[in-house]
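Residue numbers (this note's numbering), protein chains in the order written: chain R, 1 to 343; chain G, 1001 to 1213.
In structure tokens, the structure reads:
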């Protein structure tokens, strides 16, 4: 869908932002560009909609060389979300979202009704549409930014550190929303971040850049975490990359059985939903896990649980069994080996 | 100093005519000043090397004594309203040009960037993003220029125009203070009303600045 072919970008001041980049981004997936600041990830992103022109090489979107298209028309066909949303302070939220449809010459009424629709899509109330951007929280503004990028239903979405300026709790919410939206919409998304955890959460593929604009490795999150191409990538992924890998695996395959007798008993309510762990003279909270939860959270819970057991529940929260710390540990180890051996 | 109220009640028509003429001269000058300043400010804002030159030129023009300006214009436009308006316009440029340039400078780079990235062409960005966001600073200049012009119109009495300024020469020549006082009060009133009207206009034009979070 998006192809970089021997793309080079040198700025007038002599710095090389992108060095001989050849990269194919498949249709309908999230590709995350990561790297420390100054590694060329943002420049790479901005060459897709011609906010930056390559010094040499070709960038193609949908098979067409971007430099052969009218820049303004190209940009209208590509959604763009920037850090701190970059909303127009003098336009209402609704009119902000309607920006591109209006530029495309859709009537005001049609553009506004589309905007109202999108307001709901990104989880904002209709009432928010009449407000001005400064009246919204940072997280809400960022949602408006996403809605604005989606307004003309572009096949490609560029996101430049869109969640960089919001607090961690809101960031996690926005990431979840994006994953949910992406499941529905299947856009081709290019996402820039310097946060490796964000990259692992969101990316179908992750491209790691090194200072000087060199692409070091482009792989699925699992592949990247299990087999980093070199020490630079390994360092960038951090010392806990083994645990990060576990965050990508679910505990569905970990065996479960009835709770064994011991000092601690799992107390259930009438609907067989876990309440807490209890011993002769103490109670400790329990955090039941579903099959879709990650091996990392299972490992974490097994350490926190007094009996070394995790409570497994179905979608309704009803107990299906327990799994032991040993089984989880063994599974985690096996997941690691498989990921590292897989070709 | 006593006011001869009977003179005032006998001259209401004259006072009205002079007030309207005064306001027309001042507003024409501000309108013409804006017409010249807006495009020049865009040039000064975009072309850095020209910025100092244009702002410097407007400063220099401002320092020319007003009577000299009228005298210099006489061979061109004679003893007419045109001379008055051109003269006044020259003085409005110093604030209008500077404030418009500063207004354009104050538009966040991020916002312009977003407009471009959405596929807005430069002219449309200027008209629908940059000018609206620069409006509060531009309007501050328009207010100063308007009040300044209203006070300056009187100087054009030297070339037979001057709106309410004619009351000053009239009163001075006859050693009769009432027209002078009436002229001063009406000029002040005009300035206050015009300024209030501009504040109201700005309020209407910038709805996004009304509701604070």
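Glycine is no exception: its CB is placed at the ideal position from the N, C-alpha and C atoms.
Flagged as an interface residue toward chain G: residue 100 of chain R, by a C-beta distance shorter than 8 Å.
In the structure shown, residue 8 of chain R adopts extended strand secondary structure according to DSSP, grouped into three states. Using a Cβ-Cβ cut-off of 9 Å, residue 1133 of chain G is close to 88, 89 and 90 of chain R, given in chain order.
Taking the Cα of residue 121 of chain R as reference, the smallest distance to any Cα among R:168, R:262 and R:179 is reached at R:179. In the displayed model, residue 273 of chain R falls within coil according to three-state DSSP, outside both helix and strand.
By a beta-carbon distance limit of 8 Å, residue 151 of chain R contacts residue 101 of chain R. Their separation comes to about 5 Å. Separation of the CB atoms of residue 1195 of chain G and residue 1025 of chain G is rounded to 17 Å, and the pair is thereby denied contact status at 8 Å.
Under the Cβ distance rule, residue 1129 of chain G counts among the residues neighbouring chain R, one pair being separated by less than 8 Å. DSSP places residue 316 of chain R in the coil class of the three-state scheme, outside both helix and strand. Between the region 251 to 260 of chain R and the region 325 to 339 of chain R there are three or more C-beta pairs closer than 8 Å, enough to call the two in contact. For the region 3 to 16 of chain R, the beta-carbon criterion of a distance under 9 Å to any beta-carbon of chain G is satisfied by none of its residues. Between residue 40 of chain R and residue 213 of chain R the beta-carbon gap is near 3 Å, inside 8 Å, which marks them as a contact. When DSSP states are grouped into helix, strand and coil, residue 57 of chain R belongs to the strand group. Residue 214 of chain R is bridged by DSSP to R:210. Within chain R, no C-beta atom comes less than 9 Å from the C-beta of residue 1140 of chain G; the nearest is roughly 17 Å away.
Residues 115, 118, 147, 148 and 151 of the same chain have their beta carbon placed closer than 6 Å to that of residue 97 of chain R, with the five preceding and five following residues left out of the count. A check of alpha carbon separations from residue 1109 of chain G across R:126, R:89 and R:109 identifies R:89 as the nearest. About 13 Å separates the Cβ atoms of residue 18 of chain R and residue 58 of chain R, ruling out a contact at the 8 Å cut-off. For residue 74 of chain R, same chain residues with a beta-carbon under 7 Å away, outside a window of 5 residues either side, are 49, 50 and 66 in chain order.
The DSSP assignment places complete alpha helix (DSSP H) segments of no fewer than 4 residues inside the region 173 to 211 of chain R at 196 to 202, in order along the chain.
In the three-state DSSP reduction, residue 19 of chain R falls in the strand class (E or B). In the DSSP assignment, residue 78 of chain R falls outside any alpha helix (DSSP H) and lies within the beta strand (DSSP E) extending over 78 to 82. Taking a C-beta cut-off of 7 Å against chain G, the contacting residues of the region 58 to 75 of chain R are 72, 73 and 75, listed in chain order. Contacts with chain R at 8 Å (Cβ-Cβ) do not include residue 1031 of chain G.
In this chain, the beta strand (DSSP E) harbouring residue 30 of chain R covers 30 to 34. It is roughly 29 Å from the alpha-carbon of residue 141 of chain R to the alpha-carbon of residue 221 of chain R.
The C-alpha of residue 159 of chain R is placed about 15 Å away from the C-alpha of residue 185 of chain R. Three or more pairs of CB atoms, one per stretch, sit closer than 8 Å, so the region 1091 to 1109 of chain G contacts the region 1131 to 1143 of chain G. In this structure, residue 1029 of chain G and residue 1085 of chain G form a Cβ contact; the two beta carbons are roughly 5 Å apart against a cut-off of 8 Å. Residue 1168 of chain G and residue 1087 of chain G have their C-alpha atoms roughly 20 Å apart. DSSP, read as helix, strand or coil, puts residue 159 of chain R in strand. DSSP lists no bridge partner for residue 1161 of chain G. Note that the region 1008 to 1020 of chain G does not touch the region 1136 to 1153 of chain G; fewer than 3 beta-carbon pairs, one per stretch, sit closer than 8 Å. Nearest in C-alpha terms to residue 26 of chain R, of all of R:77, R:187, R:168 and R:8, is R:187. Taking the C-beta atoms as reference points, residue 1079 of chain G is found nearer than 8 Å to residue 1159 of chain G. Judged by DSSP in its simplified three-state form, residue 261 of chain R adopts coil rather than helix or strand.
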